[in-house]
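Undergrad: Residues 59 to 384 in this note's numbering are what the sequence shown spells out, letter by letter. Think of the CB as a built atom: it goes at the ideal place given N, C-alpha and C, for glycine as much as any other residue. Let me begin by handing over the structure; questions about it come next.
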Amino acid sequence: MAEASNELEGPDLEKGYKIGELVDRTMLLGYAFGEPVLVAKRGAELFAIGATCTHYGGPLVKGLIVDHTVRCPWHHACFDLRTGEAIAAPALNDTSCWKIQKRGERFYVTGKTDNKQARKSRSSPASVVIVGAGAAGGAAAEMLRREGYAGPVTLISADEFLPYDRPNLSKDYLAGTAPEEWIPLWPPDFYREQKIDTLTRTEVKAIDPKRKEVTLSDRRSLYYGALLLATGAEPVRLAIPGNDLPHVCYLRTLADSRRIIDKAKNAKRAVVIGASFIGLEVAASLRERKVEVAVVGKDPQPLEKILGRELGNLIRETHEAHDVRF
Ligand SMILES: Cc1cc2nc3c(=O)[nH]c(=O)nc-3n(C[C@H](O)[C@H](O)[C@H](O)COP(=O)(O)OP(=O)(O)OC[C@H]3O[C@@H](n4cnc5c(N)ncnc54)[C@H](O)[C@@H]3O)c2cc1C
Ligand code: FES
59 MAEASNELEG PDLEKGYKIG ELVDRTMLLG YAFGEPVLVA KRGAELFAIG
109 ATCTHYGGPL VKGLIVDHTV RCPWHHACFD LRTGEAIAAP ALNDTSCWKI
159 QKRGERFYVT GKTDNKQARK SRSSPASVVI VGAGAAGGAA AEMLRREGYA
209 GPVTLISADE FLPYDRPNLS KDYLAGTAPE EWIPLWPPDF YREQKIDTLT
259 RTEVKAIDPK RKEVTLSDRR SLYYGALLLA TGAEPVRLAI PGNDLPHVCY
309 LRTLADSRRI IDKAKNAKRA VVIGASFIGL EVAASLRERK VEVAVVGKDP
359 QPLEKILGRE LGNLIRETHE AHDVRF
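As structure tokens, this is what we get:
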């Protein structure tokens, strides 16, 4: 994933800026109180929020204004310009919100503010059980609390870890350029603070909709007022001889990625089966670790089905320039 810049750019917005120089539905990057601030103009309204996407630091000024929101140019997270609230994945944390004062022909950023409206506390349904603690399950639990739901929320995961940044497992984390601290989507305290009960290494084995109960792998039953299934997907397992040999790895979980990293320490060569996004990311990450890589795919060019032959060819050449073989 790309690196965010920490340098402050643009005008000092504490000193003010000419309103007339802002173009409608465009954004200005500046700074105030030592932090990057994004100012957006929409008709007569001016908004100021933190300029850096809380997902991976994307520059919001290069994003798109859509109604009262800005979309990050990197992975399209969406923030409310009125409040800084993160309202669509993959960003899970709000950005800051700043006060703007108009004086004469200029506007000034005068400090941080909290424009978020307090949500009405709600206790219906009686409880919410979420099956699957991936990004979707975790975000659903967080949003229930954000929207004021006060009843019991239980997040159940077959995985040993609470929600983590799965996309990073084939990218910087696998390449060795992102530390493991970056991987959890929320810190462990978050679940306690938000009163979200968590069950890891626990599979839901059965659902009884009449009794409103799920049966867990440890044979306990759990009542639910509402049930959310956020069970995600699994990689396609190869039904070929040798698929269960000890040096064959799949990549879906943090444990899988750790296992590949461990094997890459002593491996000279790797074969990646699958020439789409994840396979190619793994190839690039393993090259970072100086492992020789060959990629095996069904189509003549990688990603050809999705991007067409020409772009597929360009991607292939880019990887070949880094000594990946196809
Ligand atoms: C290596 C890798 C790289 C990726 N890169 C990108 C990317 O760059 N961009 C992008 O947009 N997407 C990417 N993806 C896809 C992205 O990670 C998924 O779309 C996303 O994880 C889906 O989130 P989810 O919460 O719906 O499901 P998941 O993340 O799959 O989570 C589902 C969870 O449910 C649990 N579960 C399943 N069944 C049960 C059960 N019966 N009981 C209890 N728990 C259960 C699973 O153990 C899992 O923890 C990548 C995926 C991988 C594996
Ligand atoms: S950095 Fe903004 S969405 Fe990922």
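Considering only residues of the same chain and omitting the five flanking positions on each side of L104, which have a CB-CB separation below 7 Å?
TA: For the purposes of this step, residue 104 is identified with residue 46 of the sequence shown, where counting begins at 1. Closer than 7 Å at the Cβ level, and outside the excluded window around L104, lie V97, I158, F165.
Undergrad: Go through its chain and collect everything with a Cβ distance to K170's Cβ below 8 Å, but skip five positions before and after it.
TA: Taking the first residue of the sequence shown as 1, we reach residue 170 at position 112. Answer for K170: F91, S154, C155, W156, K157, listed in chain order.
Undergrad: Assuming G283 and V186 make a contact with CB atoms under 8 Å, what is their CB distance in whole Å?
TA: One-based indexing of the sequence shown puts residue 283 at position 225. One-based indexing of the sequence shown puts residue 186 at position 128. Indeed, because the Cβ distance is near 7 Å, the residues count as touching under 8 Å.
Undergrad: What is the rounded straight-line gap between the Cα of R140 and the Cα of P293?
TA: The sequence position of residue 140 within the sequence shown is 82, counting from 1. The sequence position of residue 293 within the sequence shown is 235, counting from 1. Looking at the two C-alpha atoms, the distance is approximately 40 Å.
Undergrad: Restricting to Cα atoms, I'd like to know which of R161, P299, L150 is closest to K73.
TA: Translated into positions along the sequence shown, residue 73 becomes position 15. With distances taken between Cα atoms, K73 lies closest to R161.
Undergrad: List, from N- to C-terminal side, the beta strand (DSSP E) runs of 3 residues or more that fit wholly inside the stretch 240-313.
TA: 254-257, 262-266, 271-274, 279-281, 284-287, all fully within the stretch 240-313.
Undergrad: Is DSSP giving E238 helix, strand or coil here?
TA: For the purposes of this step, residue 238 is taken as the residue at position 180 of the sequence shown. Helix.
Undergrad: How long is the line joining the alpha carbons of A297 and A333, rounded to whole angstroms?
TA: Along the sequence shown, read from residue 1 onward, the residue named residue 297 stands at position 239. Along the sequence shown, read from residue 1 onward, the residue named residue 333 stands at position 275. Approximately 18 Å between the Cα atoms of the pair.
Undergrad: Kindly list the residues whose CB is nearer than 8 Å to the CB of K76, restricted to its own chain and excluding five residues on each side of it in sequence; keep chain order.
TA: Residue mapping note: residue 76 aligns to position 18 of the sequence shown, counting from 1. The residues are E163, R164.
Undergrad: Looking only at DSSP bridge pairs, what is E350 linked to?
TA: The residue you call residue 350 lines up with position 292 of the sequence shown. According to DSSP, E350 bridges with R327.
Undergrad: Is it a yes or a no for the stretch 216-226 touching the stretch 239-249, going by three-plus beta-carbon pairs under 8 Å?
TA: The answer is yes - the stretch 239-249 touches the stretch 216-226, with three or more Cβ pairs under 8 Å.
Undergrad: Report all residues for which the CB-ligand distance to some heavy atom of ligand 2 is below 7 Å; order them along the chain.
TA: Taken from the N-terminal end onward, the list reads C111, H113, Y114, G115, G116, C130, W132, H133, H134, A135, P148, A149.
Undergrad: To the nearest angstrom, how far is it from the Cα of A60 to the Cα of E375?
TA: Mapped onto the sequence shown, residue 60 falls at position 2. Mapped onto the sequence shown, residue 375 falls at position 317. At A60, the pLDDT of 49 sits below 50, so the modelled position is not reliable and the matter cannot be decided from this model.
Undergrad: Quick one, which of H133, V349, R180, D82 has its alpha-carbon nearest I123's?
TA: Along the sequence shown, one-based indexing puts residue 123 at 65. Comparing Cα-Cα distances from I123 to each of H133, V349, R180, D82, the minimum goes to D82.
Undergrad: Just to confirm before moving on: does the CB-CB distance between C95 and G108 stay below 8 Å?
TA: Sequence index remark: in the sequence shown, residue 95 carries index 37 (1-based). Sequence index remark: in the sequence shown, residue 108 carries index 50 (1-based). Note that residue 95 is Val in the sequence shown, not Cys. Going by C-beta atoms, V95 is nearer than 8 Å to G108.
Undergrad: Please state whether the Cβ-Cβ distance between A288 and G209 is less than 8 Å.
TA: Stepping through the sequence shown from its first residue, residue 288 is reached at position 230. Stepping through the sequence shown from its first residue, residue 209 is reached at position 151. Not in contact: A288 and G209 (Cβ atoms no closer than 8 Å).
Undergrad: To the nearest angstrom, report how far apart G78 and P117 are at their CA atoms.
TA: Stepping through the sequence shown from its first residue, residue 78 is reached at position 20. Stepping through the sequence shown from its first residue, residue 117 is reached at position 59. Cα to Cα, the separation comes out at about 24 Å.
Undergrad: Measure the beta-carbon distance from D217 to T311 and round it to whole angstroms, keeping in mind my assumption that it falls under 8 Å.
TA: For this step, residue 217 is matched to residue 159 along the sequence shown. For this step, residue 311 is matched to residue 253 along the sequence shown. That pair is a contact at about 6 Å.
Undergrad: Name the residue from L309, H305, L338, D276 whose alpha carbon lies nearest to the alpha carbon of A291.
TA: The residue given as residue 291 occupies position 233 in the sequence shown. When each option's Cα is compared against that of A291, the closest is L309.
Undergrad: Please classify N226 as buried or exposed, where buried requires at least 16 other C-beta atoms within 10 Å of its C-beta.
TA: In the sequence shown, the residue the question calls residue 226 occupies position 168. Per the 10 Å Cβ criterion, buried.
Undergrad: Got a list of residues with beta-carbon closer than 6 Å to any non-hydrogen atom of ligand 1, in chain order?
TA: The answer, residue by residue, is V189, G190, A191, G192, A193, A194, G195, I214, S215, A216, D217, R224, P225, L227, S228, E261, V262, A288, T289, G290, A291, L309, R310, I336.
Undergrad: According to the neighbour-count rule (16 or more other Cβ atoms, all chains shown, within 10 Å of its Cβ), is V353 buried or exposed?
TA: Start at 1 with the first residue of the sequence shown, and residue 353 comes out as number 295. Buried is the call here.
Undergrad: Could you work out which residue in K363, I364, E346, I265 is closest to H377 when comparing CA atoms only?
TA: For this step, residue 377 is matched to residue 319 along the sequence shown. When each option's Cα is compared against that of H377, the closest is E346.
Undergrad: With a Cβ-Cβ cutoff of 8 Å, do E200 and L150 count as a contact?
TA: In the sequence shown, counting from the first residue as 1, residue 200 sits at position 142. In the sequence shown, counting from the first residue as 1, residue 150 sits at position 92. In contact: E200 and L150 (Cβ atoms closer than 8 Å).
Undergrad: As a quick exercise: from G142, K99, V167, N371, pick the residue whose alpha carbon is nearest that of L71.
TA: If you number the sequence shown from 1, residue 71 lands on position 13. If we check each option's Cα against that of L71, V167 comes out closest.
Undergrad: Can you round the beta-carbon distance between A328 and V349 to whole angstroms, since I take them to be within the 8 Å contact cut?
TA: Here residue 328 refers to the residue found at position 270 when the sequence shown is read from its first residue. Here residue 349 refers to the residue found at position 291 when the sequence shown is read from its first residue. The pair is a contact, with the Cβ atoms about 5 Å apart (cut-off 8 Å).
Undergrad: Do you know offhand how far A144's Cα is from G300's?
TA: Reading the sequence shown from its first residue, position 86 is the one you call residue 144. Reading the sequence shown from its first residue, position 242 is the one you call residue 300. Approximately 46 Å between the Cα atoms of the pair.
Undergrad: Could you check how far apart the C-beta atoms of A184 and S343 are, in whole angstroms? I think they sit under 8 Å.
TA: Stepping through the sequence shown from its first residue, residue 184 is reached at position 126. Stepping through the sequence shown from its first residue, residue 343 is reached at position 285. With 8 Å as the limit, A184 and S343 do not qualify as a contact, their Cβ atoms being about 45 Å apart.
Undergrad: Is L150 helix, strand or coil by DSSP?
TA: Sequence index remark: in the sequence shown, residue 150 carries index 92 (1-based). Residue state, collapsed to three classes: coil.
Undergrad: Give the secondary structure of L104 by DSSP, where H, G and I count as helix, E and B as strand, and everything else as coil.
TA: Here the question's residue 104 lines up with position 46 in the sequence shown. Three-state result, L104: strand.
Undergrad: Based on DSSP bridge pairs, tell me the residues matched to F219.
TA: Here residue 219 refers to the residue found at position 161 when the sequence shown is read from its first residue. According to DSSP, F219 bridges with nothing at all.
Undergrad: Cβ of A284 less than 8 Å from any chain D Cβ?
TA: Here chain D cannot be found, since the structure has a single protein chain.
Undergrad: Which two residues bound the contiguous beta strand (DSSP E) that contains G88?
TA: As a position in the sequence shown, residue 88 is number 30, starting the count at 1. Taken as a continuous stretch (DSSP letters only), the beta strand (DSSP E) holding G88 covers 85-90.
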